Amino acid sequence: MSTIDTLSFTLALTLALGGLAFAFNYRTRISTVPVLLILGILAGPALKLIDHRQAAHLFDQVRVFGVVAILFAEGQSLQWPLLRRHLKTVLLLDTLGLLITAALAGLAFCWLFDAPLFIGLLFGAIVSATDPATLVPLFRFSPIDRDTETLIVAESIFNDPLGIVLTLLLVALILPSSDLARPVEMLATWAGTPLATVLYFLYVVLSALVLGVVLGAVTHWLAERFAMEEFAVLMGLSVALGGFVLGDVLNSSGYLVATVVGIVMGNHRHFFRHESAAQAAQVEEFLGSSRDFQNLTSSLATVLIFVLLGASLEPAAISAALLPALGVSVLLIVLIRPLSVLPVLLPLGWKPKPSLFVALEGPRGVVPAALAGLPLALGQQYNNPLLTHWGATLLSAVLVTVVTSVALETLWMDRLKRSLLEAT
């Protein structure tokens, strides 16, 4: 088959598998995410219906659109009063909790793989962020109380920037000549590496918040004047994607920009108190016109992301590091994540059972998967022997961690919900 025919076949098969996953969910009420992953693995590594290189290429192409679509839609559903109530908790989880996760995961990697410390810490940084693309569809099919959902989703949305910053910091320490390390290295020349890291993180988060609020205000201004369905459907998502691109160009967090645009629009009555009743109704009509489209787009993105992620796994690379990678994954899920979350939540007054639910629902996903191949690519590009030697191992370990955490934490979510949330 030609390249175009192969691409068309891959997309057609991916969408068909997505349809089967949703039909299975309708009959069994089992979350679609692990089913999509399993179907992707069957279609890719197992049956070789999808070439893993093409799946990896397509995954790289659709992940940005997919995650932006999911985050923009979810941002609109986050309730500002709930988010504001849990802001301190989210901040602590996304700083102290995430740093503990990265450090402990890095040490576990060093122990199981007998790796150098910086390589282990690079692994910890890559897998430190949790994944909203997994959690959002999960809670859509199996709702939980709004406080717990808001905390988990907000944590996963806002910890992406710090996970990326931590990864860039480790890259800067291992490979200071790389382009990705340039922002941190430029700051470090006059501020020192520790302060440069803090300043860069503050820049990433604050600039994303400002861009998101500004673009949200622009979208609100348009919504007050144009509420026709076609305009609302196209303009809302285009602003979110444009915000991602602008954030990326400015070395900010494009994902956070898209989320903030959604939060501003979804909570327009809180952010734009000057609007009249007629203007508020116009904005609601704008949002209502695009909501069904955004939900469908979010579902499509979920299918593409997780089927292609499963299909992109390379059996030879995975099998070489499978056992220690599974060991790191299990430690991260059942030990490291709780050790990072419980010391934050319990002193803030969260009850033990809901706190344990939060601790056991932190799957790794799109951001770690997207960063997984970075060490190997940089090692080959800059002829760095350390990254070249460990790059394939890091890639395999990260992908095994992603697949294991997504599969386990989606499959046991209903049982955890019944025993830890509904029993309180």
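Residue numbers for the sequence shown follow our numbering, so the first one is -12 and each next one is one higher.
Heads up, the beta-carbon is just placed ideally off N, CA and C, and yes, glycines get one too.
Computed from a predicted model, the values in this text were never measured in an experiment.
- In this structure L386 does not touch A364 by the C-beta definition: roughly 14 Å separates them, more than the 8 Å allowed.
- In the DSSP assignment, N282 falls within the unbroken alpha helix (DSSP H) covering A264 to A298.
- A distance below 8 Å separates the beta carbons of H39 and L300.
- For F259, there is no enclosing alpha helix (DSSP H), as DSSP gives it neither H nor E.
- In this structure, A298 lies away from A(-1), with their beta-carbon atoms at least 8 Å apart.
- Of G275, G349, W337 and E409, the smallest CA-CA separation from V321 is found for G349.
- Looking only at L333, A227 and I161, the smallest Cα-Cα distance to G378 is reached by I161.
- The beta carbon of F100 sits closer than 6 Å to those of P311, all from its chain and outside the five residues before and after it, given in chain order.
- Taking 8 Å as the cut-off, the beta carbon of F46 is found closer than this to the beta carbon of L295.
- Sorting V354, A308 and L58 by C-alpha distance to the C-alpha of V140 places L58 at the top.
- Each of T154, S129 and E142 was checked against the Cα of V114, and the nearest Cα belongs to T154.
- S239 carries a coil assignment under DSSP once its states are collapsed to helix, strand and coil.
- Between P362 and L109, the beta carbon gap of about 6 Å places them in contact (Cβ cut-off 8 Å).
- For the 8 Å CB-CB criterion, L174 and A183 form a contact.
- Shown here for A89: same chain residues with a beta carbon closer than 6 Å to its own, the five before and five after excluded, namely G111, A112, S115 and L153 in chain order.
- If you draw a straight line from the Cα of W67 to the Cα of R260, it is about 14 Å long.
- When secondary structure is reduced to three states using DSSP, I320 falls in the helix class.
- One thing to note: T(-3) has its Cβ within 8 Å of the Cβ of I37.
- For the segment 157 to 229, the full-length alpha helix (DSSP H) segments reaching 4 residues or more read 169 to 178 and 180 to 212 along the chain.
- By the Cβ rule, the segment 72 to 87 does not count as touching the segment 228 to 245, because fewer than three pairs are nearer than 8 Å.
- In the structure shown, V114 adopts coil according to DSSP, grouped into three states.
- Contact between T206 and V232 does not hold, since the beta-carbon distance rounds to 15 Å and is not under 8 Å.
- The criterion of a C-beta distance shorter than 8 Å is satisfied by V251 and G203.
- For the options Y13, E262, G229 and N238, the alpha carbon positioned closest to that of V248 is the one of G229.
- For the pair I144 and D118, the Cα-to-Cα distance works out to about 7 Å.
- Around the C-beta of V185, fewer than 16 other C-beta atoms lie within 10 Å, and the residue is accordingly described as exposed.
- When DSSP states are grouped into helix, strand and coil, W399 belongs to the coil group.
- Cβ contact annotation for D235 (same chain, cutoff 7 Å, sequence separation greater than five): G241, in chain order.
- Setting aside the 5 residues that flank it on each side, E396 is surrounded in the same chain by E348 and P350, each with a C-beta closer than 6 Å to its C-beta; the list follows chain order.
- Counting only runs of at least 4 residues, the segment 46 to 74 fully encloses the following alpha helix (DSSP H) elements, listed from N- to C-terminal order: 67 to 72.
- By the C-beta density criterion, S277 is buried, having at least 16 other C-beta atoms within 10 angstroms.
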